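Position one of the sequence shown corresponds to residue 171 (the working numbering), numbered consecutively onward.
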Amino acid sequence: MLYSPRRLETLLGAPVHQVTYQQIADLVGNADAREAEDLDYKRLYPSGEEGKDDIAIDIATFANHLGGLIIVGMAEVRDTPSAALGVALAGLENRIRSTVADRIHPMPRFGTRPVENPAEAGKGFLLIAIPPSTLAPHAVSIPSQEEKGLRWPRRHGADKVWLSESEIAAAYRRRVMAVTDQAGRVVELENNAVRTTATTSARSQFPLPLLAVTLVPDLPGDLLLDGEKVRAFEERTRQEIVMIGAQTPTFTSTSVAHRRLVAEAGGNSLFGVRAELYTDGAGTFTVHPTAIPPAGSDTFTVAVLDAEIVVRTASALRYLARHARDQAAVNGSALVRVTLVADTHLHPTLYSGPRPAGWPYDDIHIDRYRVDLLTPTPETGVNRPLGSRISRVAYGESVVWLNDLADDGRPLARATAQLVGDLLQTYGVAENQQIRRDGSLNPQAWGPHWETIKQWAQSADIPLADQG
């Protein structure tokens, strides 16, 4: 889906991926639609090197600042749209993509959408949506200039500026630090969620595994936490079915904590689920997957079906991404992490630190507490061990595109397959069995979950894998 900031959606009257030709044409003469830090108009991009220079500079300018939208086919006078002239659309998208790939380093993310004039076939507007980039600064090569080499443009109001040497150095430093800070925040939020879960998690006669999913956007959003937002969250939570395949709302209570909204269900039961949704768009989702009690004398190893991990992870990713995009107004990509631990109290943040009151585990046997993953045998449905190893704790990490997760469907399935596959490598498994890398579903691998998963696949338009 195209980058679509709220200000521009309000101005256009619709999201960028849905706006009509007439809605764009209606901007003519609108003083509120003046060119700005996030909006630019182009009558056309001329042919030849000059046009390529303009394309590369314009797109890099937005990627190096706050992101924005370029409307090609609109004339302007003193920054205000003056005439909806349109532009020939044939081949224009390919020209822009090849130019960006050739002239901007590194290549930024962007999307294009032709909006044809209903009265003139082949002509209309081309929308170029550029999100703010975590890979900034983006350099532009301009072969037509006498001074060869790279230059770094950035949007400044309705114009552009060229970054100085010190500004370029600062931008590269921000790029490196942002990756470090984001990874650290993922771990911090997961640890906080686990500590909270440990205070209410029921202790049972066998290990109670915990699945924790954490999402931190590349660029933070900003949810204003006030009484109105809290009431809307309460109302939405009472009706929202978060878990894929479920028939009833997931959470039973809501609350507010420092800079975050909290939804939970189950209290201190074995089926507790909890989400913490931060005002910057980050979030955590913890749930106890259904476990199979240990058999015989081995009271340390607990079995979990791999399909449980897949469906719970997909549910968590979708829920967290919708909060980031729809409530905190975050666009772009995010770092996600999934953790599976044999018991809440055996998560490294609790095990390696000071023991909480009532610590129930004997350190002598700590390494014997493990999760054994099982998967159904397609022919018989009988569960069999998955992989060659068992483990007390396993992690998976991935970078995702928020709109892919929030909109459900095949992109969410692909992202889930990638993330869970990374986690399963701890158990000696290369990839999950339920979702193929192309986002299609394998019916034979879901076991007892298939009937509910099939309904999800049909409603979300997710294809089944080729069984041939």
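Every residue gets a Cβ at the ideal spot worked out from N, C-alpha and C, and that includes glycine. In this text, all values refer to a predicted model and were calculated from it rather than measured experimentally.
query: Under 8 Å between C-beta atoms of VAL364 and LEU505; result: no
query: Assumed close pair LEU589, VAL500 - CB separation to whole angstroms, cut-off 8 Å; result: The pair is not a contact, with the Cβ atoms about 18 Å apart (cut-off 8 Å).
query: heavy atom of the ligand MG below 7 Å from GLY256 C-beta; result: Questions concerning the ligand MG fall outside what the structure shown contains, since it holds no ligand whatsoever.
query: Among MET277, VAL426, ARG283, LEU209, nearest to SER311 - alpha-carbon criterion; result: MET277
query: Inter-residue Cα distance where the pair is HIS619 and LEU556; result: 17 Å
query: Expected contact under 8 Å - CB spacing of ARG204 and ASP249 to nearest Å; result: 5 Å
query: Length at least 4, wholly inside the region 196 to 244: the alpha helix (DSSP H) runs in chain order; result: 218 to 233
query: Residue burial classification, THR369 (beta-carbon count within 10 angstroms, cutoff 16); result: exposed
query: Outcome for ASP202 when other beta-carbon atoms lying within 10 angstroms are tallied against a minimum of 16; result: exposed
query: Residue of VAL426, GLU410, GLU335 minimising C-alpha distance to PRO419; result: GLU410
query: 8 Å contact criterion, which TYR191 and PHE295 should meet: CB distance rounded; result: 7 Å
query: Cβ neighbour criterion (16 or more within 10 Å) applied to GLY327; result: exposed
query: Local Cβ density within 10 Å of PRO633, reported as buried at 16 or more and exposed below that; result: exposed
query: Span of the alpha helix (DSSP H) around GLU404; result: 397 to 409
query: Neighbourhood of LEU182 by C-beta, 6 Å cutoff - its chain only, sequence neighbours within 5 removed; result: VAL189, GLN193
query: Simplified DSSP state of VAL247, which is helix, strand or coil; result: strand
query: Limits of the unbroken alpha helix (DSSP H) element including SER485; result: 476 to 492
query: Validate contact between the region 484 to 491 and the region 576 to 587 using beta carbons, cut 8 Å, 3 pairs; result: yes
query: Cβ neighbour criterion (16 or more within 10 Å) applied to ALA427; result: exposed
query: One or two residues paired with ASP329 in a DSSP bridge; result: HIS326
query: Own chain partners of THR622 with C-beta closer than 6 Å, once the 5 adjacent residues on each side are dropped; result: GLY415
query: Integer-rounded CB distance, given that LEU259 should sit under 8 Å from LYS293; result: 7 Å
query: Within 8 Å, strictly: CB atoms of THR384 and ARG507; result: yes
query: Whether VAL511 touches LEU380 by CB criterion (8 Å); result: yes
query: Cβ-based burial, ASN438 [other Cβ within 10 Å; buried from 16]; result: Low confidence applies here, because ASN438 scores a pLDDT of 49, under 50, leaving its location unreliable; read the following figure in that light. When all chains shown are included, ASN438 counts as exposed.
query: Under the three-state DSSP convention, the category GLU286 falls into; result: strand
query: Span of the alpha helix (DSSP H), counted from its first residue to its last, around ALA627; result: 620 to 629
query: Cβ-Cβ distance between GLU263 and PRO284 below 8 Å; result: yes
query: Whole-angstrom distance between LEU475 and SER423, CA atom to CA atom; result: 28 Å
query: Nonlocal neighbours in the same chain, by C-beta distance under 6 Å from THR449, ignoring five residues either side; result: LEU393, LEU395, ARG429
query: Cα-Cα separation, THR460 to ARG406; result: 26 Å
query: Own chain, CB closer than 6 Å to ARG495, minus 5 neighbours either side, in chain order; result: LEU572, ALA576
query: Contact with chain B by GLN417, beta-carbon distance below 8 Å; result: The displayed structure is made up of one protein chain only, and chain B is not part of it.
query: Straight-line gap, VAL247 to PHE421 (C-alpha atoms, nearest Å); result: 53 Å
query: Closest by C-alpha distance to ASP208, when choosing among ALA309, GLY566, LEU305, GLU179; result: GLU179
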